[in-house]
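Colleague:
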Amino acid sequence: MTRFGRASKLAAAMLGGALVLSACSDDSDESNEDSNAGGGGGGTITYAMAQPWDSFNQTTAGANTVANGQVMHQALSGFWQFGNDDGQPIPNEDFGTFEKTSDDPLTVEYDIHQDAVWSDGTPIDCDDVMMWWTAQSGRWDGLFSAPGTQGIEDTAMPECADGDKAFTLVYDQPFADWLTSGPGRGNNAIMPAHVVAEQGGLSPEEFLAALQGDDPEAVQAAADFFNEGWLINGALPDASMIPTSGPFTITDYVPDQSVTLTRNEAYWGEPAAADSIVFRTIAEPEQVQALQNGEVDIIEPQPTVDMAQQIEAAEGIESEVAEEYTYEHLDFNFQDGPFADSLALRQAFALCVPYETLVDNLIKPVVPDATVKQVRNVAPWDEGYQEAIDASSATLEEYGVTDIERSRQILEEENAVGTEIVLGTLENQRRNDAGLLIQSSCDEAGFQVDFQPAADFFDTTGALSEGRFDVAMYAWSGSPDRSGWNSTYRTAVECSPDGKGNNNGCYSNEELDQLLDDVLRTSELSEAVDLTAQIEAHLWEDMVTIPLYQHPGITAWNSQVSGVVPNPSQNGIVWNADTWSRG
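Counting in the working numbering, the sequence shown runs from 52 upward without gaps.
(1) Give me the residue from Arg-572, Gln-621 and Thr-542 with the minimum Cα distance to Ser-559.
(2) Rounded to the nearest angstrom, what separates Ala-126 and Gly-297 at their Cα positions?
(3) Among the residues of its own chain, which have a CB less than 8 Å from the CB of Val-468, if the five just before and after it don't count?
(4) Look up Glu-495 in the DSSP assignment and give the residues it is bridged to.
(5) Mind reading off the beta-carbon distance from Trp-626 to Phe-133? Whole number of angstroms is fine, and I expect it under 8 Å.
(6) Just to confirm, is the Cβ distance from Leu-259 to Met-358 under 7 Å?
(7) How about Arg-481 and Leu-413: do their beta carbons lie closer than 7 Å?
(8) Go ahead and pull the three-state DSSP assignment for Tyr-318.
(9) So, Lys-424 versus Pro-598, is the Cβ gap smaller than 7 Å?
(10) Tell me, please, whether the region 484-500 touches the region 403-422 by the rule of three or more beta-carbon pairs shorter than 8 Å.
(11) Name the one or two DSSP bridge partners that Thr-206 has.
(12) Start and end of the beta strand (DSSP E) containing Asn-537?
(13) Which one of His-589, Ala-399 and Asp-568 has the shortest CA to CA distance from Ile-203?
(14) In chain order, what are the residue ranges of uninterrupted beta strand (DSSP E) at least 3 long that sit wholly in the region 231-311?
(15) Checking 7 Å against the spacing of the C-beta atoms, do Thr-446 and Ala-114 come in under that value?
(16) Quick one: measure Cβ to Cβ for Ala-217 and Glu-438, integer angstroms, because I've assumed they're closer than 8 Å.
(17) What does DSSP give as the partner residue(s) for Leu-474 in the beta ladder?
(18) Can you look up Ala-514 in the DSSP assignment and give me helix, strand or coil?
(19) In terms of residues, what are the limits of the alpha helix (DSSP H) holding Trp-131?
(20) Using DSSP with H/G/I as helix, E/B as strand and the rest coil, what is Ile-489?
(21) Among Ser-393, Leu-157 and Glu-256, which has the Cα closest to the Cα of Val-221?
(22) If Val-473 and Asp-521 are in contact, beta carbons under 8 Å, what's the gap, nearest whole angstrom?
(23) Could you give the DSSP three-state label for Leu-157: helix, strand or coil?
(24) Residues in its own chain within less than 7 Å of Val-580 by CB, not counting five upstream and five downstream?
(25) Using a Cβ-Cβ cut-off of 6 Å (strictly less than) and excluding sequence neighbours within five positions of Gln-465, which residues of its own chain qualify?
(26) Output yes or no for whether 7 Å exceeds the beta carbon distance between Trp-319 and Asp-166.
(27) Who are the Cβ neighbours of Gln-429 in its own chain at under 7 Å, not counting the five residues just before and after it?
(28) May I ask you to report which of helix, strand or coil DSSP gives Gly-604?
(29) Is it true that the CB of Gly-189 sits closer than 7 Å to the CB of Thr-206?
(30) Measuring CA to CA, which of Val-339, Arg-519, Ile-328 and Ala-273 is closest to Thr-606?
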């Protein structure tokens, strides 16, 4: 989970204090020159991302990835987004307005802009809202997939009729993050209901009636399309299948290479500055070179020492470095494998993880004062960080350290020396290095670690989504909201790609579920701090996941591109991509 506003400390450590590296750039990329000629004035901006785009619908559990979010952020609009340079939620009045009108019961009134339409001209109105609410509320036992309900499960069905633009959410209990639980950009965006209706064999009017009725079978075919029909399988769907509501439409796709967004001429708000944005899939170790060569204009990789040095030496590049909410962690598989029913083996694995070595080798060369991360859901600069550590201190002292001898002792006591472990992760340089360090250390303790980095680790059919791991190493990126991390530990509807939400390990505990409910209901900071500390203590005691380190982040861009504003939330740099332009 990401946070900026701390650029000066990290920049001094990583780039010698050079936040802006300016000089004349080599603008020799012929494709950029061609695309900029005679356009709408803003030209084409190319952004490099490490993972390929694979779904038009980021709002399902299986497709809730960073890559999908980056592409879809400017294609699907909403009432709010995480924005500015501090990552706080900000309203999007182009889409509409909203207002909390009551605290008891909690009531929020929404009004979609009267001119709001999908890029095919279809009005955005009641049927879209009802499909959004059905999916986000978890109604009908998750018939429509969603990463997490985030408070909408506590709301009554909105009352609206065909064509209505206004609707109201009435909560049956308090919800602290009500502002960000309503329709926004990202994994709770509103999707085009008229497309889903047609694919389900229904007219929009029939679909709306079915959503407002009590017969889930009537929308089964539509829900199947919602969950799976927008996956990108080798070709871009017909334009009629992917209408957008944001400043851009999706107009071109080259499998595993690029996806192109073009200015949405039907957009009723402020037009996008750039004619188009191209998202190119480029491995992180190659991104700095691609930026220097003019192949791309903006990069946002996980920084390494080599990357920092390359950027510092480059000409015509501006950059910014900052701490992030994003943190690296290890997740256990509670559905299958040796860790599923054995706390002792999870403890043994925690003891063989080389925490200090990981930070010393991978993070301190970039951020000299970096430390091992001891809790999951509170960043070091947020309220409650020390309280969370204090609540977990007993377990941290016993199992939050590297102790190979004690790890092997547990394996011997459990008659488990030689236990084979599949460690899965996304293949990139930092994680390859981290995985080998963990493999070496835990093999020494008596495990047999099969390290399996994979380029498709985060894909909808990848190892993480399908549970093909014993331990998974990856990062969570998000926001300061408590509801942002809540579903990660909540008992899943079912342990399937669409049913587990963000709970990739399929952990389940009724006591923790209650704490997770409680922390969402309080608006008192002191109470939230206490509940979060209790949650962290439980996660350590039951060894649900293992935090490793906070991510440093770096953004670098061609100095001829204007409008680039790094953002700390899960939206990342693309939060204001509609303002990017060249020249």
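In this text, a Cβ means the ideal position worked out from N, Cα and C, and glycines have one as well.
Modeller: Let's see:
(1) Indexing the sequence shown from 1 puts residue 559 at position 508. Closest option to Ser-559, Cα to Cα, is Thr-542.
(2) Locating residue 126 in the sequence shown gives position 75, where the first residue counts as 1. Locating residue 297 in the sequence shown gives position 246, where the first residue counts as 1. In a straight line, the C-alpha of Ala-126 is about 4 Å away from that of Gly-297.
(3) The residue given as residue 468 occupies position 417 in the sequence shown. The answer, listed in chain order, is Arg-459, Leu-462 and Gly-497.
(4) As a first step, residue 495 must be located in the sequence shown, where it is residue number 444. Glu-495 is not bridged to any residue.
(5) As a position in the sequence shown, residue 626 is number 575, starting the count at 1. As a position in the sequence shown, residue 133 is number 82, starting the count at 1. The distance from the Cβ of Trp-626 to that of Phe-133 is about 7 Å, consistent with a contact at the 8 Å cut-off.
(6) Taking the first residue of the sequence shown as 1, we reach residue 259 at position 208. Taking the first residue of the sequence shown as 1, we reach residue 358 at position 307. The answer is no: Cβ separation not under 7 Å.
(7) Walking along the sequence shown from the start, residue 481 turns up at place 430. Walking along the sequence shown from the start, residue 413 turns up at place 362. Yes.
(8) Residue numbering aside, residue 318 sits at position 267 when the sequence shown is read from its first letter. Coil.
(9) Residue 424 sits at position 373 when you count from the first residue of the sequence shown. Residue 598 sits at position 547 when you count from the first residue of the sequence shown. Cβ atoms of Lys-424 and Pro-598: closer than 7 Å.
(10) yes
(11) Here residue 206 refers to the residue found at position 155 of the sequence shown. Answer is Tyr-222, bridged to Thr-206.
(12) Here residue 537 refers to the residue found at position 486 of the sequence shown. Unbroken run through Asn-537 is the alpha helix (DSSP H), 533-537; no beta strand (DSSP E).
(13) Locating residue 203 in the sequence shown gives position 152, counting from the first residue. Measuring from the Cα of Ile-203, the nearest candidate turns out to be Asp-568.
(14) 299-305
(15) Within the sequence shown, the letter at position 395 stands for residue 446. Within the sequence shown, the letter at position 63 stands for residue 114. In this structure, Ala-114 does not lie closer than 7 Å to Thr-446 by Cβ.
(16) If you number the sequence shown from 1, residue 217 lands on position 166. If you number the sequence shown from 1, residue 438 lands on position 387. Ala-217 to Glu-438, Cβ: 42 Å. No contact.
(17) The count along the sequence shown starts at 1 and reaches residue 474 at position 423. According to DSSP, which records beta bridges pairwise, Leu-474 is partnered with Phe-502 and Val-522.
(18) By 1-based counting over the sequence shown, the position of residue 514 is 463. Helix, per DSSP.
(19) As a first step, residue 131 is located in the sequence shown; it is residue number 80 there, counting from the start. Taken as a continuous stretch (DSSP letters only), Trp-131 belongs to no alpha helix (DSSP H), being part of the beta strand (DSSP E) at 131-134.
(20) For this step, residue 489 is matched to residue 438 along the sequence shown. Looking at Ile-489 - three-state DSSP - the assignment turns out to be helix.
(21) As a working note, residue 221 is residue 170 in the sequence shown. Of the candidates Ser-393, Leu-157 and Glu-256, the one whose C-alpha sits nearest the C-alpha of Val-221 is Leu-157.
(22) The sequence position of residue 473 within the sequence shown is 422, counting from 1. The sequence position of residue 521 within the sequence shown is 470, counting from 1. About 5 Å separates the two Cβ atoms, so the contact holds.
(23) Counting from one through the sequence shown, the residue named residue 157 turns up at place 106. If DSSP states are grouped into helix, strand and coil, Leu-157 belongs with the strands.
(24) Within the sequence shown, the letter at position 529 stands for residue 580. Within the same chain, Glu-434, Gly-435 and Glu-438 come within 7 Å of Val-580 by CB-CB distance, once the 5 residues on both sides are set aside.
(25) One-based indexing of the sequence shown puts residue 465 at position 414. Here residue 465 turns out to be Glu, not Gln, going by the sequence shown. Excluding sequence positions up to five before and after Glu-465, its CB lies within less than 6 Å of the CB of Ala-395, all in the same chain and listed in chain order.
(26) Within the sequence shown, the letter at position 268 stands for residue 319. Within the sequence shown, the letter at position 115 stands for residue 166. Contact flag set, yes.
(27) Indexing the sequence shown from 1 puts residue 429 at position 378. In the sequence under discussion, the amino acid at residue 429 is Val, which differs from the Gln named in the question. If we look at Val-429 and ignore the five residues flanking it on each side, its Cβ neighbours are Gly-435, Tyr-436, Ala-439 and Thr-583.
(28) On the sequence shown, position 553 is the one that residue 604 refers to. If DSSP states are grouped into helix, strand and coil, Gly-604 belongs with the strands.
(29) Walking along the sequence shown from the start, residue 206 turns up at place 155. Walking along the sequence shown from the start, residue 189 turns up at place 138. Not in contact: Thr-206 and Gly-189 (Cβ atoms no closer than 7 Å).
(30) On the sequence shown, position 555 is the one that residue 606 refers to. Checking every option, the nearest Cα to that of Thr-606 belongs to Val-339.
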